[in-house]
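Numbering-wise (the numbering used here), the sequence shown opens with residue 4 and increments by one. Take a look at the structure below.
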Amino acid sequence: WALGVRLAFDHESTAIDVNDDSRDRTPYITDPTAQAVQRIDFLIEENTLKHRTEKYEVTRNIRNARLVVRRGSPFRLRITFYKNFRRGEHVINLTFRVKDVRKVNYAERSEIVLPVNDDTINSSFLNTLSSMQDSWISNIVDIERNIVDVEVISAANAIVAEWSLQIDVKSRGRNNNLTVVKYVAKEPIYILFNAWSRVDPCYMHNRDERNEYVLNESGLIWRGTANLMRPTPWNYGQFQTDVLECTMYLLSKVGRLNVTERSDPIKVCRHLSQVVNDSDDDGVVVGNWTGNFSRGKPPSYWSGSVLILQQYYATKKPVKFGQCWVYSGVLTTVCRSLGIPARAITNYYSAHDTHGSLTVDRIFDEDGSPINEENTDSIWNFHSWTEAWMTRPDLSLTGVYDGWQVIDSTPQEASEGLYRVGPTSVEAVRRGDVLKSYDGKFVFAEVNADEVFWLKKDEDNFKLIGSKTAAIGQNISTKSVGGTKRMDITSSYKEHEETQMERQVMLKALRLCKDMFARLYLNTTFDDVKFELILLDDILIGQPFTVRLKISNKSGKVYTIHSVIGVRSTLYTGVTHRVIKKERLQIKVAPNTADELSLTVTYADYSKYLIDQNSFIISVIATVVETDYQFFANDDFRVRMPDITVEVDDDIIEGRLFRCYAYFVNPLPKTLTGAYFTVEGPGLGKPLRIKVADVRPKMEAHVSFSLTAKQSGEKTVIVKFMSNELHDVDGFRRIRVSPVPRETNLW
Numbered sequence: 004w005a006l007g008v009r010l011a012f013d014h015e016s017t018a019i020d021v022n023d024d025s026r027d028r029t030p031y032i033t034d035p036t037a038q039a040v041q042r043i044d045f046l047i048e049e050n051t052l053k054h055r056t057e058k059y060e061v062t063r064n065i066r067n068a069r070l071v072v073r074r075g076s077p078f079r080l081r082i083t084f085y086k087n088f089r090r091g092e093h094v095i096n097l098t099f100r101v102k103d104v105r106k107v108n109y110a111e112r113s114e115i116v117l118p119v120n121d122d123t124i125n126s127s128f129l130n131t132l133s134s135m136q137d138s139w140i141s142n143i144v145d146i147e148r149n150i151v152d153v154e155v156i157s158a159a160n161a162i163v164a165e166w167s168l169q170i171d172v173k174s175r176g177r178n179n180n181l182t183v184v185k186y187v188a189k190e191p192i193y194i195l196f197n198a199w200s201r202v203d204p205c206y207m208h209n210r211d212e213r214n215e216y217v218l219n220e221s222g223l224i225w226r227g228t229a230n231l232m233r234p235t236p237w238n239y240g241q242f243q244t245d246v247l248e249c250t251m252y253l254l255s256k257v258g259r260l261n262v263t264e265r266s267d268p269i270k271v272c273r274h275l276s277q278v279v280n281d282s283d284d285d286g287v288v289v290g291n292w293t294g295n296f297s298r299g300k301p302p303s304y305w306s307g308s309v310l311i312l313q314q315y316y317a318t319k320k321p322v323k324f325g326q327c328w329v330y331s332g333v334l335t336t337v338c339r340s341l342g343i344p345a346r347a348i349t350n351y352y353s354a355h356d357t358h359g360s361l362t363v364d365r366i367f368d369e370d371g372s373p374i375n376e377e378n379t380d381s382i383w384n385f386h387s388w389t390e391a392w393m394t395r396p397d398l399s400l401t402g403v404y405d406g407w408q409v410i411d412s413t414p415q416e417a418s419e420g421l422y423r424v425g426p427t428s429v430e431a432v433r434r435g436d437v438l439k440s441y442d443g444k445f446v447f448a449e450v451n452a453d454e455v456f457w458l459k460k461d462e463d464n465f466k467l468i469g470s471k472t473a474a475i476g477q478n479i480s481t482k483s484v485g486g487t488k489r490m491d492i493t494s495s496y497k498e499h500e501e502t503q504m505e506r507q508v509m510l511k512a513l514r515l516c517k518d519m520f521a522r523l524y525l526n527t528t529f530d531d532v533k534f535e536l537i538l539l540d541d542i543l544i545g546q547p548f549t550v551r552l553k554i555s556n557k558s559g560k561v562y563t564i565h566s567v568i569g570v571r572s573t574l575y576t577g578v579t580h581r582v583i584k585k586e587r588l589q590i591k592v593a594p595n596t597a598d599e600l601s602l603t604v605t606y607a608d609y610s611k612y613l614i615d616q617n618s619f620i621i622s623v624i625a626t627v628v629e630t631d632y633q634f635f636a637n638d639d640f641r642v643r644m645p646d647i648t649v650e651v652d653d654d655i656i657e658g659r660l661f662r663c664y665a666y667f668v669n670p671l672p673k674t675l676t677g678a679y680f681t682v683e684g685p686g687l688g689k690p691l692r693i694k695v696a697d698v699r700p701k702m703e704a705h706v707s708f709s710l711t712a713k714q715s716g717e718k719t720v721i722v723k724f725m726s727n728e729l730h731d732v733d734g735f736r737r738i739r740v741s742p743v744p745r746e747t748n749l750w
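See below:
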């Protein structure tokens with residue numbers, strides 16, 4: 004234990020600092036009656052099991068293991084003295100101090116001087132006493148000659164941080180002089196939020212949910228489109244090497260979070276939502292939606308948070324590149340590492356309302372092409388954020404806004420001058436209480452805005468050609484508790500269906516727009532002809548797809564339909580990239596019949612225009628020539644990637660090698676070059692990267708590898724495939740690791 008040396012003397016007392024770096028470990032004390040600490044045992048194995056922190060790698064380091072505990076719950080320290088400890092004659096004081104605080108301010112509670120009560124008190128009574136106040140408590144629980152066990156209970160609202168520990172031992176010597184011998188522990192103690200404590204703001208009652216949202220090291224983040232939802236495996240790895248250390252660094256060194264605010268999960272989560280992106284404070288991840296990732300890794304490269312946080316902690320420089328699901332994954336990891344229950348959320352058809360109007364206005368030309376300079380709002384195929392669990396006494400003392408809170412690190416809009424979102428109460432969003440802190444209007448619009456389509460006729464004329472009042476905010480998704488299925492939580496954010504009254508209010512608002520702006524006019528009602536845009540969703544990359552416009556003539560007249568069908572590649576944020584194919588089509592529809600127009604797009608058509616997420620926007624504008632009635636529809640669409648199949652040995656034992664196999668068939672009509680697999684799984688400090696030979700069309704890409712699980716329990720093996728021609732292919736396998744069997748003596 005490395006300790007500083009300082010000697011101070013006066014006529015009444017002597018202060019001596021023990022120096023463990025000296026060859027002679029016995030401190031030089033002139034008074035033979037003085038007591039001194041020889042060593043301290045943090046009882047890491049015992050304490051971490053009780054605090055459910057035994058999985059943190061920092062507690063398992065052979066050379067310098069550190070204690071990780073959850074605030075408000077008791078932990079024990081075993082102090083060995085040079086002499087037998089005598090009650091009443093020897094007095095112990097513990098001083099806990101937040102390590103990164105340079106100047107102590109006692110009002111901030113960043114330094115706690117804790118006298119150790121030398122009366123043996125029942126630990127359950129101490130725990131009850133601590134739960135009723137915000138003070139720290141310490142008591143001697145056992146003495147055996149020169150070994151003393153001390154129990155400590157940190158305050159239920161203690162600062163979440165890395166704490167140093169100093170032990171002061173006072174004893175009366177000759178001439179009744181007081182001698183104080185100081186001992187400073189080399190290794191710090193990490194104190195976290197406590198979802199198991201009823202008095203912690205992060206308390207979560209349900210055991211299965213605590214296990215999922217605090218202790219589960221892996222999960223799924225949904226991507227794709229509302230019509231083709233795709234789960235992406237993600238290794239949160241909150242217990243892995245340097246993850247907790249990096250998170251503490253984000254709290255103490257990045258941005259401007261006051262030390263006292265580190266006790267409050269509301270302030271901590273708002274801060275984390277800011278520093279996980281790099282927009283303001285050189286935080287963790289650089290966002291990139293350009294499609295050009297030549298100066299870093301594409302967002303689809305990452306299969307977990309561990310490598311990102313380890314790289315950031317080692318270099319102190321932002322990691323390139325990420326998009327929304329990467330931000331969500333990393334933010335979920337740092338929350339869980341601090342003990343805050345957290346989960347990744349995906350909202351399909353998610354609005355980005357730039358001006359706070361709670362509407363998204365989409366403006367198109369006569370061909371159905373978006374006019375980019377007119378469109379400041381956007382709709383993302385999907386958007387991922389994080390939910391964190393906590394109470395919200397700042398919003399209501401009744402607890403109505405407690406529970407899940409939205410926090411989001413994706414840098415979209417500034418909040419109070421910094422790029423961050425939340426915490427926003429999900430219940431406040433559902434109730435429409437958009438003025439509640441923080442960022443209620445922005446989150447409400449993401450899941451509830453109305454989408455309105457305008458046709459620009461000329462410079463001053465816009466025609467309303469359609470609206471969607473229920474499209475935004477679909478299939479809001481997260482991983483099920485204890486499983487791998489999608490759990491739909493849309494009803495947590497909004498009511499299931501719009502009522503007739505709500506639709507009437509919407510129409511009234513649109514008509515008010517006509518009165519307010521003379522250049523806007525409503526589309527006339529026309530029921531003779533009905534249109535339906537039809538897409539096949541389950542199209543594997545490499546295959547063609549067809550867009551169909553079904554036209555039903557319900558009248559006794561012949562109608563001429565002129566249509567423009569267009570397919571554009573797009574970023575998943577809704578920003579269009581290139582026109583892949585567009586055709587003008589015309590048809591006459593006989594009375595009381597149905598017909599259709601179609602556009603087929605081959606792989607040769609779309610392959611050279613594919614960008615990340617393989618997303619397209621399909622748009623159709625159809626005009627009934629005889630009436631000038633215009634129909635408009637658009638939809639997002641993506642071709643899906645193949646899935647990697649992951650197989651493992653049947654019996655997997657803790658501490659023993661097990662074999663894994665991963666494979667898929669190349670769906671493209673061309674050879675895959677520069678190919679490699681990456682693997683994240685139990686026992687891996689960093690992902691494996693395994694190069695493979697070129698993969699010809701319709702041939703299998705495969706790899707085998709061995710892993711060793713360090714701990715028993717549920718684990719996940721995550722495999723990704725990357726190549727020059729095909730990337731963002733992934734698969735995963737949940738496994739159960741059995742503990743080492745006990746040897747049975749048959750005799």
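By construction, the Cβ of each residue, glycine as well, lies at the ideal position given by its N, Cα and C atoms.
Whole-angstrom distance between residue j and residue i, CA atom to CA atom
{"i": "residue 474", "j": "residue 462", "result": "29 Å"}
{"i": "residue 415", "j": "residue 445", "result": "10 Å"}
{"i": "residue 399", "j": "residue 424", "result": "20 Å"}
{"i": "residue 569", "j": "residue 366", "result": "15 Å"}
{"i": "residue 419", "j": "residue 623", "result": "40 Å"}
{"i": "residue 62", "j": "residue 229", "result": "42 Å"}
{"i": "residue 753", "j": "residue 37", "result": "Nothing can be reported for residue 753: it is not among the residues displayed for the chain, which extend from 4 to 750."}
{"i": "residue 507", "j": "residue 449", "result": "Confidence is the limiting factor: at residue 507 the pLDDT is only 42, short of 50, which leaves the residue's position unreliable and the question unanswerable from this model."}
{"i": "residue 744", "j": "residue 714", "result": "13 Å"}
{"i": "residue 342", "j": "residue 219", "result": "11 Å"}
{"i": "residue 736", "j": "residue 649", "result": "6 Å"}
{"i": "residue 441", "j": "residue 428", "result": "8 Å"}
{"i": "residue 523", "j": "residue 636", "result": "Low local confidence applies: a pLDDT of 40 at residue 523 is under 50, so the model's placement there is unreliable, with the coordinate-based value given in what follows. Computed Cα separation, rounded: 20 Å."}
{"i": "residue 607", "j": "residue 670", "result": "14 Å"}
{"i": "residue 141", "j": "residue 393", "result": "28 Å"}
{"i": "residue 666", "j": "residue 223", "result": "20 Å"}
{"i": "residue 396", "j": "residue 112", "result": "21 Å"}
Three-state secondary structure assigned by DSSP to residue i
{"i": "residue 120", "result": "strand"}
{"i": "residue 732", "result": "strand"}
{"i": "residue 231", "result": "coil"}
{"i": "residue 268", "result": "helix"}
{"i": "residue 742", "result": "coil"}
{"i": "residue 714", "result": "coil"}
{"i": "residue 484", "result": "coil"}
{"i": "residue 616", "result": "helix"}
{"i": "residue 366", "result": "strand"}
{"i": "residue 378", "result": "coil"}
{"i": "residue 47", "result": "helix"}
{"i": "residue 705", "result": "strand"}
{"i": "residue 92", "result": "coil"}
{"i": "residue 632", "result": "strand"}
{"i": "residue 450", "result": "helix"}
{"i": "residue 53", "result": "helix"}
Residues bridged to residue i (per DSSP)
{"i": "residue 537", "result": "551"}
Which runs of the alpha helix (DSSP H) spanning at least 4 residues fall entirely within the region 301 to 350, listed in chain order?
You should have 309 to 318 and 327 to 340.
Discussion item. Whether or not the region 723 to 743 and the region 672 to 684 are in contact is what I'm after, with contact meaning three or more pairs of Cβ atoms, one per stretch, closer than 8 Å; do they touch?
Written reply: The region 672 to 684 is in contact with the region 723 to 743.
contact_flag[the region 278 to 293, the region 209 to 226] where n(CB pairs < 8 Å) is 3 or more
With the rule of 3 Cβ pairs closer than 8 Å, the region 278 to 293 does not count as touching the region 209 to 226.
Problem set entry | Contact between the region 168 to 185 and the region 80 to 97 (3+ Cβ pairs under 8 Å) | The region 168 to 185 makes contact with the region 80 to 97: 3 or more CB pairs, one atom from each, lie closer than 8 Å.
For this session: Could you tell me which uninterrupted alpha helix (DSSP H) segments, each at least 4 residues in length, are contained entirely in the region 401 to 448, listed from first to last along the chain?
Result: Runs of the alpha helix (DSSP H) lying entirely within the region 401 to 448, each at least 4 residues long, are 429 to 434 in chain order.
- request: Would you list, in sequence order, the uninterrupted beta strand (DSSP E) runs of no fewer than 3 residues that lie entirely inside the region 576 to 614?
  value: Qualifying beta strand (DSSP E) stretches, in chain order: 579 to 592 and 597 to 604.
Three Cβ pairs or more, each shorter than 8 Å: is that satisfied between the region 331 to 339 and the region 233 to 243? By the Cβ rule, the region 331 to 339 counts as touching the region 233 to 243, because three or more pairs are nearer than 8 Å.
Check your understanding: Residue ranges of each alpha helix (DSSP H) run of no fewer than 4 residues wholly in the region 167 to 233, ordered along the chain?
Key -> Uninterrupted alpha helix (DSSP H) stretches at least 4 residues long and entirely within the region 167 to 233 occur at 210 to 213, given in chain order.
- the region 302 to 315 / the region 185 to 201 touching (three or more Cβ pairs under 8 Å): Taking one beta carbon from each stretch, the region 302 to 315 and the region 185 to 201 have fewer than 3 pairs nearer than 8 Å; the two do not touch.
Contiguous alpha helix (DSSP H) assignments of at least 4 residues, all confined to the region 244 to 290: Look at the region 244 to 290 and you find these whole runs of alpha helix (DSSP H), each 4 residues long or longer: 246 to 256 and 268 to 278.
Count Cβ pairs between the region 576 to 591 and the region 541 to 549 that sit closer than 8 Å; are there 3 or more? No: fewer than three Cβ pairs fall under 8 Å.
Next item on the list: Report yes or no: do the region 51 to 70 and the region 240 to 255 share at least 3 C-beta pairs separated by less than 8 Å?
Entry: Contact holds: three or more Cβ-Cβ distances are below 8 Å.
Using 8 Å as the cut-off, can you tell me whether the region 261 to 268 makes contact with the region 105 to 124, which would need three or more C-beta pairs spanning the two stretches below that distance?
Yes, since at least three Cβ pairs between the region 261 to 268 and the region 105 to 124 fall closer than 8 Å, the two stretches touch.
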